[in-house]
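Asker:
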Amino acid sequence: AEDAGIAAEFYQNVKAEEAPEMVAKILRAYRKNRANADETFVGFARRHDIETLRRLANEESMA
Numbered sequence: 007a008e009d010a011g012i013a014a015e016f017y018q019n020v021k022a023e024e025a026p027e028m029v030a031k032i033l034r035a036y037r038k039n040r041a042n043a044d045e046t047f048v049g050f051a052r053r054h055d056i057e058t059l060r061r062l063a064n065e066e067s068m069a
């Protein structure tokens with residue numbers, strides 16, 4: 007499928023207990039910064055390079 011395959015190394019050495027908050031930050035960044043309410047996560051992820059995705063997620067930790 008065209009929506010398959012959005013693999014990229016986002017973070018390294020994430021401890022299991024930290025993983026839920028990391029995922030939550032990524033999802034908050036997606037919801038806050040998507041182009042519109044219909045943009046999928048795949049579309050959002052493909053629209054940004056990995057550095058931008060990390061920055062957006064890291065900004066969410068300050069929220």
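Be aware that the sequence shown starts at 7, since it is given in the numbering used here, and climbs by one per residue. All residues carry an ideal CB built from backbone N, CA and C; glycine is no exception.
Assign L33 to one of two classes, buried (16 or more other C-beta atoms within 10 Å of its C-beta) or exposed (fewer than that).
Answerer: Under this definition L33 is an exposed residue.
Asker: Is A22 buried or exposed, if buried means 16 or more other CB atoms sit within 10 Å of its CB?
Answerer: exposed
Asker: Please classify E15: does DSSP put it in a helix, a strand, or coil?
Answerer: Residue state, collapsed to three classes: coil.
Asker: May I ask which residues mark the beginning and end of the alpha helix (DSSP H) holding N64?
Answerer: 56–66
Asker: Give me, in chain order, the residues of the same chain whose beta-carbon lies closer than 6 Å to that of F47; leave out the 5 immediate sequence neighbours on both sides.
Answerer: Y36
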